[in-house]
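Just below is one structure, and these are the notes that go with it.
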Amino acid sequence: MPKIDPETQKLYDEINGMIQKFKDDQQSKADCTLADKCGDMGDVPKIRFSSKKILKGHINKVNSVHFAGDSRHCVTGSLDGKLIIWDTWTANKVQIIPLRSAWVMTVAFSPSGNFVACGGMDNQCTVYDVNNRDASGVAKMVKELMGYEGFLSSCRFLDDGHLITGSGDMKICHWDLEKGVKTMDFNGHAGDIAGLSLSPDMKTYITGSVDKTAKLWDVREQGHKQMFFGHDMDVSSVCYHPSGFGFASCSEDQTARMYDLRSDQQIGLYEPPQKNTGFTSCALSTSGRYLMCGGIEGNIHSWDTVKERHTGSLSGHENRVTCISLCPNGMCLSSTSWDQQVRLWL
Numbered sequence: 001m002p003k004i005d006p007e008t009q010k011l012y013d014e015i016n017g018m019i020q021k022f023k024d025d026q027q028s029k030a031d032c033t034l035a036d037k038c039g040d041m042g043d044v045p046k047i048r049f050s051s052k053k054i055l056k057g058h059i060n061k062v063n064s065v066h067f068a069g070d071s072r073h074c075v076t077g078s079l080d081g082k083l084i085i086w087d088t089w090t091a092n093k094v095q096i097i098p099l100r101s102a103w104v105m106t107v108a109f110s111p112s113g114n115f116v117a118c119g120g121m122d123n124q125c126t127v128y129d130v131n132n133r134d135a136s137g138v139a140k141m142v143k144e145l146m147g148y149e150g151f152l153s154s155c156r157f158l159d160d161g162h163l164i165t166g167s168g169d170m171k172i173c174h175w176d177l178e179k180g181v182k183t184m185d186f187n188g189h190a191g192d193i194a195g196l197s198l199s200p201d202m203k204t205y206i207t208g209s210v211d212k213t214a215k216l217w218d219v220r221e222q223g224h225k226q227m228f229f230g231h232d233m234d235v236s237s238v239c240y241h242p243s244g245f246g247f248a249s250c251s252e253d254q255t256a257r258m259y260d261l262r263s264d265q266q267i268g269l270y271e272p273p274q275k276n277t278g279f280t281s282c283a284l285s286t287s288g289r290y291l292m293c294g295g296i297e298g299n300i301h302s303w304d305t306v307k308e309r310h311t312g313s314l315s316g317h318e319n320r321v322t323c324i325s326l327c328p329n330g331m332c333l334s335s336t337s338w339d340q341q342v343r344l345w346l
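In UniProt numbering, the protein residues as written are 1 to 346.
Have a look at this one:
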């Protein structure tokens, strides 16, 4: 580590002091806890998902998965340099898309199912039209979105014509896909952006960052609306609550957390029973009652969100779980791992 000069250290101390002041102010207004208020509610059963299908096809670490709006098809991205579109009902491959760069870190399916996007260490976002094929018979590349100074860590479609990305250069970019131009390009965090989640109404979104914070944004504006603290390490993933009034986050600090947008602070803390794993990805059930997180030890953990109780874990992966995605109808959970497998939990 290079030695920090006194002036820089003074700025660090000032920033940390401001963050602590914000935390203290939030804590002073927290007159109750979610667990206290919901203590008389009935317990939910342990999570009942079981691994019904293993989607085999990748030959290297699988880093990302995302469902289409039809709850049937999903796309996965792997370090073998391939995107694979799957029919999760039959466990068959629908399309295999070879990539120019094998270092894919994020994938996204448009809600309509017409387009997929991906990106990673190639510092760009590439969009494919799954309904049209090029001369080689694979999905036609329709856009290469360039101009990033860091890796692409997250991308999500607003619709077939608009896309939002977060990247390792700390920037958030909004793209008009028809014109192939940025409509917004701004610094979102003080560190790499690691995760992005759209609200149910597609009007706002949440980002998580290695600066240990999460932020709320309006899709029409550049300035963040709210900032949330709590994690002691990088915020690796965020997930909007289906009500639109809150969101969950997870981190390799071995915790997941729930935040309420209306009270502007954390309302739930979730830890694994043995405190032996950090988390890479999170998802909420369609009711919002279950929170699931993929662990670096290879299991997927589940909690009752309102009572902050661990409700079991899903085992099957033999290595780090890199990403989990719940289909829109809530009936299927897909997970990817460094063990080269894609699992479907029903």
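The beta carbon of each residue, even a glycine, is placed where N, CA and C say it ideally should be.
Exercise for the section: Indicate the three-state DSSP secondary structure (helix, strand or coil) for Y205 in the structure shown. Expected result: Here residue 205 refers to the residue found at position 205 of the sequence shown. Reduced to three states, the DSSP call for Y205 is strand.
Practice task
Could you check if A256 is buried or exposed, using at least 16 other CB atoms within 10 Å of its CB as the buried criterion?
Solution key: Position 256 of the sequence shown holds residue 256. A buried status is given to A256, since no fewer than 16 other beta-carbon atoms sit within 10 Å of its beta-carbon.
Handout entry: One or two residues paired with H174 in a DSSP bridge
Key = Residue numbering aside, residue 174 sits at position 174 when the sequence shown is read from its first letter. The partner list for H174 (beta bridge, DSSP) reads I164, M184.
Exercise for the section: Counting only the same chain and skipping the five closest in sequence on each side, list residues whose C-beta sits under 6 Å from that of V107. Expected result: As a first step, residue 107 is located in the sequence shown; it is residue number 107 there, counting from the start. Taken in chain order, the residues that qualify are S64, H66, V75, G77, C118.
Practice task
Check whether the Cβ atoms of S167 and A190 sit closer than 9 Å, and answer yes or no.
Solution key: Taking the first residue of the sequence shown as position 1, residue 167 is located at position 167. Taking the first residue of the sequence shown as position 1, residue 190 is located at position 190. For the pair S167 and A190, the CB atoms are not nearer than the 9 Å cut-off.
Handout entry: Pairwise C-alpha distance: M146 and D24
Key = Looking up residue 24 in the sequence shown gives position 24. Looking up residue 146 in the sequence shown gives position 146. So the two alpha carbons sit approximately 41 Å from each other.
Problem - Helix, strand or coil at M18 [DSSP, three-state] - result: What you label residue 18 is simply residue 18 of the sequence shown in a count that begins at 1. In the structure shown, M18 sits in a helix (DSSP, three-state: H, G or I).
Practice task
Name the one or two DSSP bridge partners that H66 has.
Solution key: Against the sequence shown, residue 66 aligns to sequence position 66. Beta-bridge pairing links H66 to V75.
Problem - Pairwise C-alpha distance: S302 and V238 - result: The residue you call residue 238 lines up with position 238 of the sequence shown. The residue you call residue 302 lines up with position 302 of the sequence shown. Distance between the alpha carbons of V238 and S302 is about 15 Å.
Handout entry: For F186 and F157, believed in contact at Cβ under 8 Å, the rounded distance
Key = Taking the sequence shown and counting its residues from 1, one reaches residue 157 at position 157. Taking the sequence shown and counting its residues from 1, one reaches residue 186 at position 186. At roughly 19 Å, the Cβ-Cβ gap does not stay under 8 Å, so F157 and F186 are not in contact.
Exercise for the section: Name, in chain order, the residues that DSSP records as bridge partners for E144. Expected result: Reading the sequence shown from its first residue, position 144 is the one you call residue 144. Answer by DSSP bridge pairing, in chain order: T126.
Exercise for the section: Would you mind sorting S197 into buried or exposed? The rule is 16 or more other CB atoms within 10 Å of its CB. Expected result: Taking the sequence shown and counting its residues from 1, one reaches residue 197 at position 197. Under this definition S197 is a buried residue.
Exercise for the section: Using only alpha-carbon positions, find the residue among R220, S263, G81 that is nearest to T183. Expected result: Along the sequence shown, one-based indexing puts residue 183 at 183. Minimum Cα-Cα distance from T183 among the listed residues R220, S263, G81 corresponds to R220.
Exercise for the section: Look up D25 in the DSSP assignment and say whether it is helix, strand or coil. Expected result: On the sequence shown, residue 25 is found 25 positions in, with the first residue counted as 1. Three-state result, D25: helix.
Exercise for the section: May I have the straight-line CA-CA distance separating M18 from M227, to the nearest angstrom? Expected result: Counting from 1 along the sequence shown, the entry for residue 18 is found at position 18. Counting from 1 along the sequence shown, the entry for residue 227 is found at position 227. Taking the Cα positions, M18 is about 13 Å away from M227.
Handout entry: Between the CA atoms of D134 and Y259 - distance to the nearest angstrom
Key = Locating residue 259 in the sequence shown gives position 259, where the first residue counts as 1. Locating residue 134 in the sequence shown gives position 134, where the first residue counts as 1. Roughly 45 Å separates the two Cα atoms.
Exercise for the section: With DSSP collapsed to three states, give me the class of P98. Expected result: Numbered from its first residue, the sequence shown carries residue 98 at position 98. Here P98 sits in strand by DSSP.
Problem - Cβ contact (3+ pairs, closer than 8 Å) linking the region 119 to 128 and the region 91 to 109 - result: The region 119 to 128 makes contact with the region 91 to 109; the number of CB pairs closer than 8 Å reaches 3 or more.
Practice task
Could you spell out where the beta strand (DSSP E) holding D218 opens and where it closes?
Solution key: Here residue 218 is taken as the residue at index 218 of the sequence shown, counted from 1. Looking at the DSSP string, the run of the beta strand (DSSP E) that includes D218 is 214 to 218.
Practice task
Would you mind giving the Cβ-Cβ distance between H317 and R343, rounded to the nearest angstrom? I have them listed as a contact below 8 Å.
Solution key: Position 317 of the sequence shown, counted from the first residue, corresponds to residue 317. Position 343 of the sequence shown, counted from the first residue, corresponds to residue 343. 7 Å between Cβ atoms; contact.
Handout entry: For D304, the three-state DSSP class (helix, strand or coil)
Key = Along the sequence shown, read from residue 1 onward, the residue named residue 304 stands at position 304. The three-state secondary structure of D304, taken from DSSP, is strand.
Practice task
Using a threshold of 9 Å, state whether the C-beta atoms of C293 and T280 are closer than that.
Solution key: Your numbering for residue 293 matches position 293 in the sequence shown. Your numbering for residue 280 matches position 280 in the sequence shown. Taking 9 Å as the Cβ cut-off, C293 and T280 qualify as a contacting pair.
Problem - L314 - DSSP class collapsed to helix/strand/coil - result: Counting from 1 along the sequence shown, the entry for residue 314 is found at position 314. Three-state DSSP puts L314 in a strand.
Problem - Own chain partners of K296 with C-beta closer than 8 Å, once the 5 adjacent residues on each side are dropped - result: As a position in the sequence shown, residue 296 is number 296, starting the count at 1. A quick correction: the sequence has Ile, not Lys, at residue 296. Taken in chain order, the residues that qualify are E252, T277, G278, F279, T280, R320, V321.
Practice task
To the nearest angstrom, report how far apart M1 and E149 are at their CA atoms.
Solution key: The residue given as residue 1 occupies position 1 in the sequence shown. The residue given as residue 149 occupies position 149 in the sequence shown. A caution first: M1 carries a pLDDT of 46, below 50, which makes its placement in the model too unreliable to give a value.
Problem - Whole-Å CB distance - D40 paired with S110, under 8 Å assumed - result: Looking up residue 40 in the sequence shown gives position 40. Looking up residue 110 in the sequence shown gives position 110. The pair is not a contact, with the Cβ atoms about 43 Å apart (cut-off 8 Å).
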